[in-house]
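> I have a structure I would like to understand better, so I am pasting it below and will then ask my questions one at a time.
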Ligand SMILES: *[C@@H]1O[C@H](CO)[C@@H](O)[C@H](O)[C@H]1NC(C)=O
Ligand SMILES: *[C@@H]1O[C@H](CO)[C@@H](O)[C@H](O)[C@H]1NC(C)=O
Ligand SMILES: *[C@@H]1O[C@H](CO)[C@@H](O)[C@H](O)[C@H]1NC(C)=O
Ligand SMILES: *[C@@H]1O[C@H](CO)[C@@H](O)[C@H](O)[C@H]1NC(C)=O
Ligand SMILES: *[C@@H]1O[C@H](CO)[C@@H](O)[C@H](O)[C@H]1NC(C)=O
Ligand SMILES: *[C@@H]1O[C@H](CO)[C@@H](O)[C@H](O)[C@H]1NC(C)=O
Ligand SMILES: *[C@@H]1O[C@H](CO)[C@@H](O)[C@H](O)[C@H]1NC(C)=O
């Protein structure tokens, strides 16, 4: 059984290299301004990447720019360190979002904010940024339910008239910068790379040989190893150890 698991891990790591949206690097891992200014609550000082200092954000718009790190409350802040939507109160979604755009009053009653979730809307109220899967409003699309412009990368692509799960080869524009990633699920990222004739699945970080593709194509789970993005000695590095990747592979196999 152990041998089977180890063998499966090796196979999973070799042939199905995916990264997870929950494995973003820490701010201090990012050595480049382009990686730091990513919406993950990091702040570029001019020479280094740091966690954003919420108390230094003096108005609502700048505070709301850092929804993973900060929330706005004019009476007690104005900009404070954010932990969870349930710590905030608001009588409706507008009041919750005025403090943190990722929060909403999904119940529609009461004074407690909660995580913004597309599933709290119905088929007629499903807002932009959410996906309508039949009659259900969701954070991610079920490709077979999507039509037209909603059948889109990184989740879905048309095959004739049928919408199906996207694969890297669905990026057809030539060049490394237009070959990004596909998402097999809401939390899983399959990085792609341009092999000089087509966009194909990346089988490891070594396929992501530029500072841009390293960060973008892994949705921030990997970072470029040098502060000089044009130097030839840089490479694409995981922020997690190999051990953690193996643990992750086991979890994937058990799921
Ligand atoms: C802002 O903070 C004050 C003091 O902690 C609190 O009483 C108030 O309810 C908060 N405002 C909102 C909109 O949550
Ligand atoms: C929310 O509703 C409560 C009770 O109806 C009210 O006392 C409070 O002032 C409202 N808060 C805001 C920010 O409108
Ligand atoms: C969707 O929700 C809105 C507002 O809550 C409600 O007015 C409407 O009747 C609902 N529509 C459906 C189809 O359930
Ligand atoms: C996406 O890729 C699939 C599998 O290769 C292919 O059948 C489909 O036609 C592609 N769709 C687009 C829009 O490129
Ligand atoms: C790139 O990938 C395509 C599709 O898998 C393959 O046909 C082609 O030979 C590859 N090109 C190179 C240079 O590896
Ligand atoms: C990355 O590799 C591709 C071929 O796989 C090559 O064409 C490209 O120049 C490389 N880019 C960098 C920045 O080294
Ligand atoms: C970055 O690396 C390139 C290529 O090696 C070199 O020409 C350039 O001077 C370096 N820039 C800095 C700021 O070190």
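Residue numbers (mature numbering (1 follows the signal peptide of the UniProt record, and there is no 0)): -16 to -1, 1 to 239.
Here a beta-carbon is modelled for each residue, glycine too, at the ideal position from N, C-alpha and C.
Going by beta carbon distance, what residues of the same chain come within less than 7 Å of residue 73, once the five residues before and after it are set aside?
Here residue 73 refers to the residue found at position 89 of the chain shown. Closer than 7 Å at Cβ, skipping near neighbours: 95, 96, 97.
> From residue 28 to residue 34, what does the alpha carbon distance come to, in whole angstroms?
Counting from 1 along the chain shown, the entry for residue 28 is found at position 44. Counting from 1 along the chain shown, the entry for residue 34 is found at position 50. If I take the Cα positions, the gap works out to 6 Å.
> Suppose the cutoff is 6 Å on Cβ atoms and the five residues either side in sequence are ignored; what does the same chain contact list for residue 127 look like?
As a first step, residue 127 must be located in the chain shown, where it is residue number 143. For residue 127, where only same-chain residues beyond five positions count, the Cβ hits under 6 Å are 140, 147, 148, 149.
> So does residue 144 have its beta carbon nearer than 8 Å to some heavy atom of ligand 2?
In the chain shown, counting from the first residue as 1, residue 144 sits at position 160. Flag unset: Cβ of residue 144 not near ligand 2.
> When you compare only the Cα positions, how much space is there between residue 38 and residue 113?
Locating residue 38 in the chain shown gives position 54, where the first residue counts as 1. Locating residue 113 in the chain shown gives position 129, where the first residue counts as 1. Each residue's Cα considered, the two are about 26 Å apart.
> Inspect the beta-carbon positions of residue 202 and residue 175 and report whether they are closer than 9 Å.
Here residue 202 is taken as the residue at index 218 of the chain shown, counted from 1. Here residue 175 is taken as the residue at index 191 of the chain shown, counted from 1. Yes. Within cutoff.
> Which residues are close to ligand 5, meaning CB closer than 7 Å to any heavy atom, in chain order?
In chain order, the qualifying residues are 153, 179, 180, 181, 182, 184.
> Using a Cβ-based criterion (distance less than 8 Å to any ligand heavy atom), does residue 44 qualify as near ligand 2?
For the purposes of this step, residue 44 is taken as residue 60 along the chain shown, with counting starting at 1. No, the beta carbon of residue 44 sits no closer than 8 Å to any heavy atom of ligand 2.
> What are the boundary residues of the alpha helix (DSSP H) that residue 62 is part of?
Against the chain shown, residue 62 aligns to sequence position 78. No alpha helix (DSSP H) holds residue 62; DSSP gives it neither H nor E.
> Look at residue 190 and residue 163 and say whether their C-beta atoms are less than 9 Å apart.
Residue numbering aside, residue 190 sits at position 206 when the chain shown is read from its first letter. Residue numbering aside, residue 163 sits at position 179 when the chain shown is read from its first letter. Their beta carbons are not under 9 Å apart, which means residue 190 does not touch residue 163 by this criterion.
> Go ahead and label residue 215 buried or exposed: buried means 16 or more other beta carbons lie within 10 angstroms of its beta carbon, across all protein chains shown.
For the purposes of this step, residue 215 is identified with residue 231 of the chain shown, where counting begins at 1. It counts as exposed.
> Any idea what DSSP makes of residue 154, helix, strand or coil?
In the chain shown, residue 154 corresponds to position 170, counting from 1. Of the three classes helix, strand and coil, the one that applies to residue 154 here is helix, per DSSP.
> Would you please state the rounded distance, in angstroms, between the beta carbons of residue 80 and residue 88? I believe it to be under 8 Å.
Taking the chain shown and counting its residues from 1, the one referred to as residue 80 is at position 96. Taking the chain shown and counting its residues from 1, the one referred to as residue 88 is at position 104. Correct: roughly 5 Å between the Cβ atoms.
> Looking only at DSSP bridge pairs, what is residue 88 linked to?
Position 104 of the chain shown holds residue 88. According to DSSP, which records beta bridges pairwise, residue 88 is partnered with 98.
> For residue 200, which residues of its own chain have a beta-carbon under 7 Å away from its beta-carbon, when the five flanking residues on both sides are left out?
Position 216 of the chain shown, counting from 1, holds the residue named residue 200. Excluding positions up to five away in sequence, the list reads 164.
> For the beta strand (DSSP E) that residue 140 lies in, which residues bound it at each end?
Position 156 of the chain shown holds residue 140. Unbroken beta strand (DSSP E) run through residue 140: 140 to 143.
> Looking at residue 151 and ligand 4, is the gap between the Cβ and the nearest heavy atom below 8 Å?
Counting from one through the chain shown, the residue named residue 151 turns up at place 167. Correct: residue 151 has its Cβ closer than 8 Å to ligand 4.
> Name the residue from 83, 76, 188, 108 whose alpha carbon lies nearest to the alpha carbon of residue 49.
As a position in the chain shown, residue 49 is number 65, starting the count at 1. Ranking the options by Cα distance to residue 49, first place goes to 83.
> Answer yes or no: do residue 122 and residue 103 have a C-beta to C-beta separation smaller than 9 Å?
If you number the chain shown from 1, residue 122 lands on position 138. If you number the chain shown from 1, residue 103 lands on position 119. Yes, these two residues count as a Cβ contact at 9 Å.
> Taking 8 Å as the cut-off, is the CB of residue 108 close to at least one heavy atom of ligand 3?
For the purposes of this step, residue 108 is identified with residue 124 of the chain shown, where counting begins at 1. Flag set: Cβ of residue 108 near ligand 3.
> Output the boundary residues of the beta strand (DSSP E) element that contains residue 200.
Translated into positions along the chain shown, residue 200 becomes position 216. Note, residue 200: premise wrong, no beta strand (DSSP E); alpha helix (DSSP H) at 195 to 200.
> So is residue 185 buried or exposed if we call it buried at 16+ other beta carbons inside 10 Å?
Within the chain shown, residue 185 is the residue found at index 201, counting from 1. Its Cβ being crowded by 16 or more others within 10 Å, residue 185 is buried.
> Whose CA, out of 134, 105, 20, 204, lies closest to the CA of residue 8?
As a position in the chain shown, residue 8 is number 24, starting the count at 1. Per the Cα distances, 204.
> Quick check on DSSP: helix, strand or coil for residue 45?
Counting from 1 along the chain shown, the entry for residue 45 is found at position 61. If DSSP states are grouped into helix, strand and coil, residue 45 belongs with the helices.
> Quick one: is residue 212 buried, meaning 16 or more other Cβ sit within 10 Å of its Cβ, or exposed?
As a first step, residue 212 is located in the chain shown; it is residue number 228 there, counting from the start. Classification for residue 212: exposed.
> In three-state DSSP terms, what is residue 120?
Looking up residue 120 in the chain shown gives position 136. The answer is strand: DSSP assigns residue 120 an E or B state.
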